[in-house]
Structure formats: C-alpha cells, structure tokens
Amino acid sequence: MDAAQRGRPRVAIADYDYGDVDVERAIIEAAGIELVALQARSEDELIAGAQGCAAIINQYAYVGAKTLDALPSVRHVARYGIGVDIVDVAAATERGVLVTNVRDYCTEEVADHAMAMMLTLARRLPRYDRATHAGDWHWQAGRPIHRLRGSVMGIVSFGRIGRAIAARAAPFGLQVIVYDPYVG
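The sequence shown lines up with residues 9 to 192 when you count with our numbering.
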C-alpha cells in the first residue's frame, strides 16, 4: 500500500541543485506528508515520478499542460525561485491548480553576483588572468581601465533584484539608469 492509498498526501520535488533535500524532507515529513525527490529532466520523467502527488515543487523542470493532464491529483505547483516561466500558468489555472513562487529567492545572491560580474569586466580581470597564466603579468595587460566613479550602469527591470543591484552600485559612485515598463 503506497502513501496515497494510506491517505498520506505526497509532494514531489521535481528537481534540485543542492546535494540533497534533507531540509525539505524534514519539514514536509514532519507535517505528515510523503516527499518524493526526483531529478526529472523532462515532462515524461516528471509524470512517471510524481504519480499520485498533490503538489510539485520545481526548480528547472517544466510543468506544462501535458504534465498537469497526466497528473490530475496535482493541485499546487510551487516554484523554487522568482519566475514562473517554466510553469504553464494558463494551463494550471484552467485546471484549478495553484501556482506559487518564492518572491525573494536569492535576491541578495543574484545582486552580489551581478556586481561581481560588473567588477570583473570593468577591471578586465579575465585579461589579467590570461596574462598571469601566460607568465606575462604587467599592469598594462588590462588597458584601458576606466574609473568606476561617474560611470553609468544601466539596469533593465527594476524589481527586487534590480533595486538590490542599484543599492550596491551607489557606493562605487556609479550613475544608475533604469528601464522597467512596469515600474513608474
């Protein structure tokens, strides 16, 4: 007798990046729910692994009409992340399936990474790295290097991540300009 037959709900984690799902398992199973951990790389793999599940938690795995039709027990798709572009929201809505996301998922980490990339390019670190590995270190290897203060940083989309990047850019003296048709 499986968990669904015993009346215990099941939740599938469709895919995950980190080595295990121990944190999720502890929380979900403490609530009396069985966790099914998958590494689904296609809708077919997700369909095969999530039979009888009431919910799917996904990071990269696409959840489309095909998946939802094949898994009629699914009532909720929860996205590990901000965007829901990998969920067919219209198909879910038509079937009465709730779609949720994590509004602040990795906002700080993405903003930090964006600044690291900006500094890497502004300071021409890849050029210096190549020169150093070739045994040809000299400060002129990265020329020209321009002062950051007074430079312009353009940000397309000014949601939580864009705002976090702008806040990090200010101490560098960057002039920040933004474009976002949804923010007035």
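Ideal placement from N, C-alpha and C gives every residue a C-beta, glycine not left out. These numbers were taken from a predicted model, which means no experiment stands behind them.
- As a beta-bridge residue in DSSP terms, V160 pairs with Q183.
- The Cβ neighbour count for G170, taken over all protein chains shown within 10 Å, is at least 16; the residue is labelled buried.
- A distance below 8 Å between beta-carbons, with the five flanking residues on each side excluded, links Q183 to the following residues of its chain, in chain order: G158, S159, V160, M161.
- Short of 6 Å from the beta carbon of D188, and not among the five residues preceding or following it, lie these beta carbons of its own chain, in chain order: S165, F166.
- Fewer than three beta-carbon pairs drawn from the region 92-111 and the region 124-137 are found closer than 8 Å, and the two stretches are therefore not classed as touching.
- The beta carbon of L156 is closer than 7 Å to those of A130, F180, G181, L182 in its chain, skipping five residues each way along the sequence.
- Per DSSP, the unbroken alpha helix (DSSP H) holding V118 starts and ends at 115-130.
- For secondary structure counted as the alpha helix (DSSP H) over 4 or more consecutive residues, the region 20-97 holds these complete runs in sequence order: 30-38, 51-57, 73-78.
- The count of Cβ pairs closer than 8 Å, one atom from the region 86-96 and one from the region 121-129, stays below three, leaving the stretches out of contact.
- Straight-line spacing of the CA atoms in E51 and I65 works out to 14 Å.
- Nearest C-alpha to G40 among V19, I55, Q59: V19.
- For Y88, the CB contacts under 8 Å within the same chain, skipping 5 residues up- and downstream, are Y24, I65, N66, Q67, V110, Y113 in chain order.
- Per DSSP, the continuous beta strand (DSSP E) segment holding V107 begins and ends at 106-108.
- Exclusion of the five residues before and after A22 leaves L46, A48, L54, I64, N66, A69 as the residues of its chain whose Cβ lies within less than 6 Å of its Cβ.
- R18 has E42 as its beta-bridge partners, per DSSP.
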